[in-house]
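Please read the structure below before turning to the comments.
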Amino acid sequence: MLIKSLTLLNPATEEVLLNQDLQITEGVITGIGEGLPAKSHTVLDGKGLYVLPGLFDGHVHLPSVPGSVVRNESSEQIANMLACNLGIYLASGVTTVLDAAAPVGLLEQAKVLNRSNRSPRILGLAPFLTPKEGYFSSTIERGLTFENLWDPVVSAEEVRGHFALAKNLNPVGAKLTFEKGMGPFEVWPVFSPEALSEIQTQSQNLGIPLYAHSMSTAEHRLALKVKPHALVHPGFYDETPDSKILKELRDSQVFVITTLAIYKMMLLMWEHELMDDPWFKALVPVRQMETGRQVDNRDNIIGQVVALNRPWWIPEFLARGLASWFMNPTSIKQNLKNSLFALKKAHEAGIPLVAGSDAGNWPLWTTFFHGVGSILELELLEEAGLTPWETLKAATHVPAKMLNLDDRVGSIAIGKEADLIFLKHNPLKGMRNLRDLQWVMRAGHLKSPSDWRMDSSEPNCR
134 MLIKSLTLLN PATEEVLLNQ DLQITEGVIT GIGEGLPAKS HTVLDGKGLY
184 VLPGLFDGHV HLPSVPGSVV RNESSEQIAN MLACNLGIYL ASGVTTVLDA
234 AAPVGLLEQA KVLNRSNRSP RILGLAPFLT PKEGYFSSTI ERGLTFENLW
284 DPVVSAEEVR GHFALAKNLN PVGAKLTFEK GMGPFEVWPV FSPEALSEIQ
334 TQSQNLGIPL YAHSMSTAEH RLALKVKPHA LVHPGFYDET PDSKILKELR
384 DSQVFVITTL AIYKMMLLMW EHELMDDPWF KALVPVRQME TGRQVDNRDN
434 IIGQVVALNR PWWIPEFLAR GLASWFMNPT SIKQNLKNSL FALKKAHEAG
484 IPLVAGSDAG NWPLWTTFFH GVGSILELEL LEEAGLTPWE TLKAATHVPA
534 KMLNLDDRVG SIAIGKEADL IFLKHNPLKG MRNLRDLQWV MRAGHLKSPS
584 DWRMDSSEPN CR
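First residue of the sequence shown? That's 134 in the numbering used here, and the numbers climb one at a time after it.
Written as structure tokens, this is what we have:
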């Protein structure tokens with residue numbers, strides 16, 4: 134395939150090349166330049182289009198279907214939506230996703246799907262390691278969506294068993310939790326020093342990097358003791374990072390996955406204007422959109438979230454009664470404001486940032502939409518003060534480096550895999566222009582966003 138007369142944008146080098154032809158052969162970029170000969174290739178006119186490397190979303194939860202708990206969907210209904218979620222990502226321009234808590238079954242499916250090159254490249258963190266009664270360890274929290282997630286671990290033997298199983302699934306890292314509680318209370322235990330030592334030993338012996346779930350200065354410091362490759366959240370949603378912790382993070386060379394969009398998507402439960410945008414409607418299934426708009430669900434959802442994350446000594450009825458005091462548009466907007474400021478400071482300190490939306494997250498929430506979150510994340514990074522080039526790097530070149538894929542993807546160069554997006558407007562003039570795609574190419578397969586979006590035959594995907 135030959136696509137002619139493109140404006141090529143390469144975030145890795147911050148180059149803009151005008152009137153470029155791109156030659157794609159068997160899923161690989163084999164030619165870049167002006168006036169390339171057509172030979173026997175299919176020739177497309179790219180005049181007026183801007184081409185970027187395919188985007189990464191560095192924190193997703195693929196098995197999760199927004200609002201599935203509210204709709205009482207079965208395990209089968211939830212599982213059938215995986216292809217839909219994957220198509221939505223490609224329609225959004227996301228050609229690589231990192232599932233931040235991948236069950237065994239998902240990684241087994243990923244082996245098949247990745248060979249097909251007809252879905253985003255699926256990478257996963259496994260095992261998911263949390264202590265007994267720790268963060269996201271209860272069957273109530275996990276529900277049907279995560280009923281097959283990795284069991285909480287108690288002993289060193291269980292840690293070794295989890296790592297041994299994960300090694301055969303080719304994860305890019307293992308995720309372990311350090312979060313003690315949402316808000317002012319300590320709710321969950323964290324791993325003992327002995328358990329952390331065993332986790333670190335297994336990580337080093339098997340070559341599986343550690344990705345830490347930590348949300349505060351104190352939790353980040355605890356996480357840094359195991360020398361993590363990345364933090365799956367920036368944290369600091371209810372505090373301001375000081376220069377000392379920022380220096381510690383920078384000196385550790387840890388990557389930080391940004392997850393700002395989760396707050397923006399929470400607000401969609403109250404603020405529905407975005408759901409009227411044609412871009413949004415083209416991506417999100419009608420069934421999910423309808424659930425997200427239902428005001429009657431909101432108080433019950435907030436009540437359940439607060440009740441499931443309360444300390445043991447607060448009665449459930451009281452937690453539910455006070456839920457709207459803890460979680461409301463004002464408090465969520467403050468969390469977002471704090472997080473934007475923290476990421477601005479992290480960026481200024483030289484900490485490498487990777488764009489990740491946390492889409493899917495917990496399916497009790499009705500508005501954690503796949504694909505939509507990926508683009509909102511980049512718009513929010515721009516709002517946090519990153520330049521357009523810096524923002525685009527966080528979704529291309531930097532995650533490729535974090536995942537050790539920068540020899541294959543993350544930039545536009547001869548010999549790289551042909552994961553590309555073609556835009557109608559210049560994204561250097563604003564990340565909102567990422568909403569308007571002409572084509573998305575995954576490993577040389579070129580389709581319009583609507584064609585990728587409708588690849589799934591699942592009725593609930595419509």
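The beta-carbon is built from N, C-alpha and C at its ideal position, and this holds for glycine as well.
No residue range can be given for V320, since it is assigned to no alpha helix (DSSP H) and is classified by DSSP as neither H nor E. Non-local C-beta neighbours of R453 in its own chain, meaning closer than 6 Å and more than five positions away in sequence, comprise G436 and A440, ordered along the chain.
In the same chain as D569, and ignoring 5 residues on each side of it, the C-beta atoms closer than 7 Å to its own belong to L556, K557 and H558, in chain order.
Pairing R420 with R595, the inter-Cα distance amounts to about 8 Å. Going by beta carbons, N494 and H194 fall inside the 7 Å limit. Rounded to the nearest angstrom, the gap between the Cα atoms of Y344 and P199 is 24 Å. For N442 and W458, the gap between their C-alpha atoms comes out near 14 Å. In the three-state reduction of the DSSP assignment, T278 falls in the coil class, being assigned neither a helical nor a strand state. With 16 or more neighbouring CB atoms inside 10 Å of its own CB, K526 falls in the buried class. Counting the other Cβ atoms within 10 Å of the Cβ of E331 gives 16 or more, which makes it buried. Counting only runs of at least 3 residues, the segment 332-376 fully encloses the following beta strand (DSSP E) elements, listed from N- to C-terminal order: 343-346.
Cβ-Cβ separation between H366 and I390: approximately 7 Å, consistent with a contact (criterion under 8 Å).
Membership of R575 in any alpha helix (DSSP H) is not indicated; the residue belongs instead to the beta strand (DSSP E) covering L570 to R575.
Considering only L393, L155 and H362, the residue with the shortest C-alpha distance to A517 is L393. Following the DSSP letters along the chain, one finds V531 inside the alpha helix (DSSP H) bounded by residues H530 to M535. Proximity of the segment 379-390 to the segment 474-489 meets the contact definition, three or more beta-carbon pairs being nearer than 8 Å.
P374 is positioned such that its CB atom lies closer than 7 Å to that of K478.
In this structure N430 is not in contact with T500, their Cβ atoms being roughly 10 Å apart against a cut-off of 8 Å.
Scanning the segment 435-496 for uninterrupted alpha helix (DSSP H) segments of 4 residues or longer gives 449-454, 456-459 and 462-481, listed from N- to C-terminal end.
Judged by DSSP secondary structure, E550 falls outside any beta strand (DSSP E); it is assigned neither H nor E.
Per DSSP, Q210 has no beta bridge partner at all. Going by beta carbons, V184 and L135 fall outside the 7 Å limit.
One Cα belongs to I378, the other to D409, and the distance between them is close to 41 Å.
Between the C-alpha atoms of A233 and N152 there is a straight-line separation of about 39 Å. Ranking I221, D432 and S201 by CA distance to the CA of W585 puts I221 first.
For N143, the uninterrupted beta strand (DSSP E) run begins and ends at L135 to N143, by DSSP.
Rounded to the nearest whole angstrom, the CA to CA distance from A216 to W446 is 42 Å. Residue pairing by DSSP places A307 opposite L343 in a beta bridge. Straight across, the Cα-Cα distance linking Q333 with R354 is about 15 Å. Residue pairing of T424 in beta bridges, as defined by DSSP: absent, with no partner found. In chain order, T524 and M564 place their CB closer than 6 Å to the CB of E515, counting only its own chain and leaving out the 5 sequence neighbours on each side. In the three-state reduction of the DSSP assignment, G166 falls in the strand class. Using a Cβ distance threshold of 7 Å, G257 and P322 do not count as a contacting pair.
Rounded to whole angstroms, the gap between the alpha carbons of V286 and M422 is 37 Å.
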